[in-house]
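Residues in the sequence shown are numbered from 5 upward in steps of one, following my numbering.
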Amino acid sequence: MLAEPNRVPLAGGTVVNADREPSEIEVVDLQALGLGGVEHDGDRVRLGAT
5 MLAEPNRVPL
15 AGGTVVNADR
25 EPSEIEVVDL
35 QALGLGGVEH
45 DGDRVRLGAT
């Protein structure tokens, strides 16, 4: 789903598009997934469920 162009994840954040140039984007709401944490390790990202 997030592989589509101009689509960004949102999980409670307030900044969706920080670019100086306005552009059209689609937002994917991740709040309902119940994520307990996000870890970055090299080229991997691990999303923890609660």
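Where is the CB? At the ideal position from N, CA and C, for every residue including glycine.
Cβ pair residue i, residue j closer than 8 Å
i, j, result
"E28", "R11", "no"
"V32", "V42", "no"
"G52", "L39", "yes"
Bridge-paired residues (DSSP) for residue i
i, result
"E30", "R11"
"D45", "R48"
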